[in-house]
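Residue numbers (the numbering used here), protein chains in the order written: chain A, 163 to 668; chain B, 163 to 668.
A virtual CB, placed ideally from N, CA and C, is assigned to each residue, including glycine.
Protein chains: 2
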Amino acid sequence: MDLNVVSRIRQEAFYNSQVMQTFTHLTEEIGPRLTNSPNMQKANDYAKSKFNEWGLSNVKDVPFEDFGRGWDFRSAHVEMIAPRAFPLHALPKAWTPGTNGPIEGEAMAVTLKSAEDFKKYQGKLKGKILFLSELRAYKPGTEPDQRRYDDAGLAALQSFAVPKTMTSDRAKRIKDFRDREKFTRELNKFLVDEGVLATVSISGWDNGIIRVGGAGSRRAGESVGVPDLAMIAEHYNQVMRMLDHKDVVRIRADIEARFTSDSNDPGYNTLAELPGTSKADEIVMLGAHMDSWHTGTGANDNAAGTAVMMEAMRILKSIGVKPKRTIRVALWGGEEQGLIGSADYVSKTFASYPLSTKPEDADLPKSLRPRTGAMQRKPAYDKFSVYFNMDNGSGKFRGIYAQENLAAMPIFQEWLKPFNDLGATTVVSRNTGSTDHISFDRVGLPGFQFVQDGLDYFTNVHHSHLDTVDHASEEDLKHNAAMVAAFVYAAAMRDERMPRKAVIEE
Amino acid sequence: MDLNVVSRIRQEAFYNSQVMQTFTHLTEEIGPRLTNSPNMQKANDYAKSKFNEWGLSNVKDVPFEDFGRGWDFRSAHVEMIAPRAFPLHALPKAWTPGTNGPIEGEAMAVTLKSAEDFKKYQGKLKGKILFLSELRAYKPGTEPDQRRYDDAGLAALQSFAVPKTMTSDRAKRIKDFRDREKFTRELNKFLVDEGVLATVSISGWDNGIIRVGGAGSRRAGESVGVPDLAMIAEHYNQVMRMLDHKDVVRIRADIEARFTSDSNDPGYNTLAELPGTSKADEIVMLGAHMDSWHTGTGANDNAAGTAVMMEAMRILKSIGVKPKRTIRVALWGGEEQGLIGSADYVSKTFASYPLSTKPEDADLPKSLRPRTGAMQRKPAYDKFSVYFNMDNGSGKFRGIYAQENLAAMPIFQEWLKPFNDLGATTVVSRNTGSTDHISFDRVGLPGFQFVQDGLDYFTNVHHSHLDTVDHASEEDLKHNAAMVAAFVYAAAMRDERMPRKAVIEE
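Here's what the structure looks like:
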């Protein structure tokens with residue numbers, strides 16, 4: 163670890179930071195960045211322009227598989243108009259249709275969980291606005307919204323539990339997937355055929371927070387169903403109790419949403435490099451997904467990670483280091499729909515499994531398509547060293563998850579030392595999942611995420627309309643950018659590539 | 163304490179409760195109950211009909227002073243339309259005008275805190291939507307939303323601090339009041355004269371909660387200014403940062419709000435009695451304000467208190483007790499605008515100060531008008547025993563504040579015993595203020611409130627759009643109704659009236 167370089171990294175990160183400008187531009191100038199939306203394209207363009215401005219190399223968008231259609235929304239007005247009038251707070255699910263102007267209809271509570279339910283309601287739903295979730299009792303918040311690790315919390319991360327034996331029943335997962343897809347298609351058709359005006363479900367969280375993902379369909383040629391909203395629990399439950407009380411509840415809604423293409427377009431990852439010197443053909447990567455859900459500004463999920471990774475590249479370029487290995491940054495798309503951008507990139511660049519090409523398997527996503535052989539490594543596989551990702555909100559890095567790669571632990575411990583004074587101290591053996599480093603990890607390539615202070619990510623922010631700039635901390639983002647820059651530089655300079663653990667093939 | 167009666171009270175309260183029906187009717191069938199709004203009149207009528215149905219006596223509305231105009235609102239659509247489009251969550255302040263259809267204008271951040279500020283902006287505000295608050299940094303929630311007392315918390319209430327010497331400078335308070343009123347009138351006129359489309363301020367709380375009271379004017383003949391909104395912090399700050407970034411931010415708003423009368427109408431308190439027997443001319447009172455703010459359903463502030471007091475009366479009537487003293491329930495109006503309903507009632511019924519009738523004092527509210535003599539007691543003053551109030555959210559009663567009336571403490575301790583098993587154990591000497599028992603207390607009449615578990619009243623609910631049924635607990639309301647019924651019955655039966663402390667005259 164070259165402490166001279168780390169000093170210069172810290173000083174550039176702390177006293178000449180541009181991380182907040184990048185973060186604010188992505189979130190508030192561009193806005194939320196649903197994959198394949200016009201905003202996501204603006205973000206790809208913005209990232210490329212900054213990378214070029216900073217003097218990075220090989221700046222480009224790399225397409226990934228035929229992701230589907232773009233979608234965005236402009237406004238969502240929902241209100242009760244009878245038996246009394248008041249505004250209802252609700253927002254549309256991504257990839258669902260708008261209302262084409264104001265609609266008005268009677269609210270009706272129904273259960274539509276299987277094809278058998280359809281018969282029960284046939285002919286009875288015309289012009290109705292369906293409330294599909296059950297009433298959910300308020301769950302009092304008995305922990306603080308905001309969390310930062312204390313020493314005990316960090317220490318607790320050190321324990322590792324032997325994993326339970328998992329029986330990966332691919333056949334069952336395929337059947338479940340097909341059943342679910344079939345039901346969704348039938349439901350969308352049923353709702354349209356019956357003349358349902360809109361459907362509403364309860365937000366996943368209480369306290370007026372609208373937590374919402376996607377519905378309808380992003381695939382060209384498929385039915386997108388009817389307008390589909392998530393409503394705050396306090397309003398949803400109110401409607402449900404009024405219906406239970408036999409009130410005739412009338413609702414007006416005006417949702418301006420649109421599909422921005424009619425074809426299954428590819429998505430795009432944005433990449434850039436700081437070229438290596440003596441080992442230029444070897445690769446150290448850093449990245450984060452740049453796509454987001456649509457109702458906040460995708461600030462903590464994941465403009466924060468994007469801005470930190472961009473800033474780390476800017477810092478390294480700006481202080482003029484000449485790394486031995488090439489440092490490559492990737493800003494992924496399609497993460498929220500299943501790590502699609504990073505998985506596609508890894509499979510085309512480093513390693514993949516040959517997959518069934520039978521027509522009867524064409525409906526399956528790549529992650530479920532039957533494998534027809536062992537993992538196939540590309541030449542770049544052996545030239546790859548390590549990938550660092552950020553996607554657990556905007557909280558401060560307090561250490562790193564070694565992802566069961568024990569040989570990596572002493573290396574990380576060493577790299578963390580110049581950040582101990584900032585509260586980053588902890589290397590833990592355990593795994594963390596659910597985001598793009600897993601695309602590397604599952605083909606046996608070292609991919610890591612940092613231990614982050616939680617802040618209010620999982621109480622207020624994650625996939626909610628409150629995922630905005632205010633819930634992030636400037637100091638945390640600066641700290642993270644410095645640490646990532648130091649880690650990737652150290653990885654690019656060390657004699658050996660990062661040690662690897664065994665590939666666990668299914 | 164007649165434990166046979168307390169058993170019957172508890173059983174009626176716990177196994178034959180109607181408190182949730184009353185609570186839900188007030189909140190979700192009627193809705194929020196701004197004083198002098200049509201909903202408040204519905205609530206007065208509903209309360210009278212229930213009191214009559216239950217067989218209570220002297221059921222009536224009693225008018226209080228010329229409160230002002232009624233107001234309500236039906237809908238509030240606010241959205242950013244440029245440089246990008248998304249819904250903004252905002253709600254109107256009470257007694258402000260609607261927009262008369264959709265309006266569109268450019269957002270502009272301005273400071274309008276004194277008449278001098280007007281000059282600076284003269285001629286520059288036409289067609290603008292003004293953002294009047296400063297950007298406010300997010301304040302992370304480091305305590306749980308939901309609070310219940312533990313033993314240590316209850317014990318801590320036992321300490322009493324000798325009050326600091328307060329210099330009540332009536333002249334200064336009068337001047338401050340007049341300055342404020344003058345500025346508000348001038349501001350309203352300025353905004354109208356300049357052709358401002360609307361004003362927006364930041365909600366008092368973070369996390370998407372809209373906390374909002376009144377503005378404009380409820381007094382007939384006064385300017386109500388322009389449409390005036392409170393916006394969630396996450397959206398407000400976003401607009402402020404975009405303006406700071408020199409973006410041209412255009413906003414569309416459509417607020418359907420209306421004044422429901424053009425005259426300074428009286429408000430109304432609703433009263434009912436369970437007549438006494440051997441001491442029928444002596445009075446024990448219980449009450450709560452029934453009015454609310456307008457954006458939630460006024461559930462925890464204060465349909466909860468209203469439903470508990472109504473239920474206590476129902477319980478006592480239903481179990482057929484014959485109290486010695488008359489038990490009178492009062493459901494107040496105008497509490498949110500300064501305990502207006504209860505103060506007017508107490509001054510007309512029990513005691514009041516002679517007030518200046520000079521024309522130059524006519525602009526002052528009664529609470530500020532100069533007194534021209536000592537307190538004057540009406541005959542009912544000496545026949546009054548005690549008043550119990552509930553208005554600190556819907557949390558469970560854990561004891562009672564003795565309001566510095568030490569002689570009341572052993573009496574309350576005794577009355578609490580049959581509720582110790584329910585967690586109500588604590589009599590504390592300290593005061594609690596800010597609601598209708600103070601109207602009694604300040605003329606030397608015993609008026610009390612209970613120690614209540616806080617729940618999330620001061621984190622999510624108080625004066626916010628989340629003041630809804632979901633944030634209340636059925637068990638707590640049943641418990642409270644039983645305890646109030648037992649306390650008022652005990653007060654109505656004991657040999658002596660409740661001891662009194664000295665009147666502190668100003």
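A:S514 carries a strand assignment under DSSP once its states are collapsed to helix, strand and coil. Residues of chain B with a Cβ closer than 7 Å to the Cβ of A:N622 are, in chain order, N369. Taking 8 Å as the cut-off between beta carbons, the residues of the region 448 to 475 of chain B near chain A are G458 and T459, in sequence order. In this structure A:T621 is buried. Its beta-carbon is surrounded by 16 or more other beta-carbon atoms within 10 angstroms. At a cut-off of 7 Å between C-beta atoms, B:T630 counts as an interface residue with respect to chain A.
Every alpha helix (DSSP H) stretch that sits fully inside the region 486 to 535 of chain A and reaches 4 residues is listed by chain position as 502 to 511.
Each residue's CA atom was taken as its position, placing A:K545 and A:F176 some 33 Å apart.
Following the DSSP letters along the chain, one finds A:R420 inside the beta strand (DSSP E) bounded by residues R412 to F421. Residue-level contact check: A:D307 touches chain B, since one or more beta carbons of chain B fall below 7 Å from its beta carbon.
According to the DSSP assignment, A:S601 belongs to the alpha helix (DSSP H) that extends over H599 to D603. Under DSSP, no beta-bridge partner is assigned to B:D312.
Of all residues in the region 207 to 234 of chain A, none places a beta-carbon less than 7 Å from a beta-carbon of chain B. Interface flag for A:N554 against chain B is unset, since no Cβ pair is found closer than 7 Å. Fully enclosed beta strand (DSSP E) runs of no fewer than 3 residues occupy 559 to 563 and 588 to 590 of the region 549 to 607 of chain A, in order along the chain. Taking a cut-off of 8 Å for Cβ pairs, the region 265 to 278 of chain B and the region 408 to 415 of chain B touch, as three or more such pairs fall below it.
With fewer than 16 other Cβ atoms inside 10 Å of its own Cβ, A:M328 counts as exposed. For the region 601 to 621 of chain A, the residues whose beta carbon sits under 9 Å from a beta carbon of chain B are, in order, L617, D618 and T621. Fewer than three pairs of CB atoms, one per stretch, sit closer than 8 Å, so the region 167 to 174 of chain A makes no contact with the region 384 to 403 of chain A. Rounded to the nearest angstrom, the gap between the Cα atoms of B:M182 and B:P194 is 16 Å. Between B:V470 and the set B:H641, B:M660, B:S591 and B:D368, the nearest pair of CA atoms involves B:H641. Residue-level contact check: B:H239 touches chain A, since one or more beta carbons of chain A fall below 7 Å from its beta carbon. A residue is called buried once 16 or more other Cβ atoms fall within 10 Å of its Cβ, and B:D355, having fewer, is exposed.
Put simply, of B:Y300, B:K222 and B:G357 the residue whose alpha carbon is nearest the alpha carbon of B:K286 is B:G357. Taking 8 Å as the upper bound for CB-CB distance, B:A461 and B:T630 are in contact here, some 5 Å apart. Proximity of A:Y283 to chain B, defined by a Cβ-Cβ separation below 7 Å, is not satisfied. For A:D424, the closest of A:H456, A:V167, A:W233 and A:G315 by C-alpha to C-alpha distance is A:W233.
Contact between the region 414 to 430 of chain A and the region 610 to 628 of chain A is absent: fewer than 3 CB-CB pairs across the two stretches fall below 8 Å.
Apart from the 5 residues on each side of it in sequence, B:A277 sits with its Cβ closer than 8 Å to the Cβ of F345 and E348 in its chain, given in chain order. In terms of beta-carbon proximity, A:P532 stays away from the interface with chain B, with every pair separated by 7 Å or more. Fewer than three Cβ pairs drawn from the region 498 to 518 of chain A and the region 582 to 593 of chain A lie within less than 8 Å of each other, which leaves the two stretches out of contact.
With respect to the C-alpha of A:H451, the residue from A:Y515, A:R539 and A:M552 having the closest C-alpha is A:M552.
Residue nearest to A:S385 within the set A:N220, A:M660, A:P259 and A:F229 is A:P259 (criterion: CA-CA distance). Beta-carbon to beta-carbon, B:A652 and B:W577 are separated by about 5 Å, close enough to satisfy the 8 Å threshold.
Collapsing the DSSP output to three states places B:P254 in a strand.
Beta-bridge pairing by DSSP links A:D234 to A:R420. Rounded to the nearest whole angstrom, the C-alpha separation of B:R490 and B:M645 is 16 Å.
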